[in-house]
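Undergrad:
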Amino acid sequence: MKIIGIVFAFVFLSSCQTSNQFEWLSGSWQRTNDEEGSQTYEYWETNGDEMKGMGCTIAAGDTVFKEDMRIIKIADKWMLEVAGPNETPVTFELTSIQKLGFEAENAAHDFPKKIFYGLDGEVLKASVSNEEMNIDFDFKPL
Numbered sequence: 012m013k014i015i016g017i018v019f020a021f022v023f024l025s026s027c028q029t030s031n032q033f034e035w036l037s038g039s040w041q042r043t044n045d046e047e048g049s050q051t052y053e054y055w056e057t058n059g060d061e062m063k064g065m066g067c068t069i070a071a072g073d074t075v076f077k078e079d080m081r082i083i084k085i086a087d088k089w090m091l092e093v094a095g096p097n098e099t100p101v102t103f104e105l106t107s108i109q110k111l112g113f114e115a116e117n118a119a120h121d122f123p124k125k126i127f128y129g130l131d132g133e134v135l136k137a138s139v140s141n142e143e144m145n146i147d148f149d150f151k152p153l
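Numbers in our numbering are just positions in the sequence shown, counted from 1, shifted up by 11.
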């Protein structure tokens, strides 16, 4: 009887949880269009209704770039917070959210001003840009 109660409680609590609209981003990803000699990875996981991410680039066995990311809701707006390359985290407002993608912007930041993430089949596509430059990232799941 206790097992049935525990199973029922688990099923009930699971059904009451809100789904994370960014869950499609979850997982471990490896960049496929990296510069020669570099390997770039991103790792994303759900944390309630939020997402936590970490990106790093490895070259010659050393980590040459690392950043921590979060998709969080602040005052009823979804924000992408990026920490690592700058001393203080930079926040981008999600200006467009689709079922399997989003665009985030911060016009006051020098580079990037826009960040895009989207799932195209099995490929995670991302880009960072400003008025003068655009860098595309293609990731495959690990």
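Ideal Cβ positions, reconstructed from N, Cα and C, are used throughout, including at glycine. Fair warning: this is a prediction, and the values are worked out from it, not measured in the lab.
1) Can you tell me where the beta strand (DSSP E) with residue 129 in it begins and where it stops?
2) Pull the bridge partners of residue 40 from the DSSP assignment, please.
3) Identify the residues that DSSP records as bridge partners of residue 135: which are they?
4) With three or more beta-carbon pairs closer than 8 angstroms as the criterion, would you say the stretch 68 to 75 touches the stretch 92 to 101?
5) Taking the C-alpha atoms as reference points, what is the distance between residue 35 and residue 42?
6) Per DSSP, which one or two residues make a beta bridge with residue 109?
7) Decide if residue 184 is buried, meaning its Cβ has at least 16 other Cβ atoms within 10 Å, or exposed.
8) Just verifying my parser: in three-state terms, what is the DSSP assignment at residue 98?
9) Can you grab the Cα-Cα spacing for the pair residue 9 / residue 86, in whole Å?
10) Kindly indicate the opening and closing residues of the beta strand (DSSP E) around residue 70.
11) Please go through the same chain and pick out, in chain order, the residues whose beta-carbon is closer than 7 angstroms to the beta-carbon of residue 54, but skip the five residues on each side of it.
TA: Reading off the structure:
1) As a first step, residue 129 must be located in the sequence shown, where it is residue number 118. Start and end: 125 to 131.
2) Locating residue 40 in the sequence shown gives position 29, counting from the first residue. Bridge partners of residue 40: 53, 152.
3) Here residue 135 refers to the residue found at position 124 when the sequence shown is read from its first residue. Answer by DSSP bridge pairing, in chain order: 130, 150.
4) no
5) Sequence index remark: in the sequence shown, residue 35 carries index 24 (1-based). Sequence index remark: in the sequence shown, residue 42 carries index 31 (1-based). In a straight line, the C-alpha of residue 35 is about 17 angstroms away from that of residue 42.
6) Residue 109 sits at position 98 when you count from the first residue of the sequence shown. Beta-bridge pairing links residue 109 to 112.
7) Past the boundaries of the shown model lies residue 184; the chain is included only from 12 to 153, so the question cannot be answered.
8) Sequence index remark: in the sequence shown, residue 98 carries index 87 (1-based). The answer is coil: DSSP assigns residue 98 none of H, G, I, E or B.
9) Any question about residue 9 goes unanswered here, given that the chain covers just 12 to 153.
10) Position 59 of the sequence shown holds residue 70. Note, residue 70: beta strand (DSSP E), 61 to 70.
11) Counting from 1 along the sequence shown, the entry for residue 54 is found at position 43. Once the five neighbours on either side are set aside, the close Cβ partners of residue 54 are 39, 64, 65.
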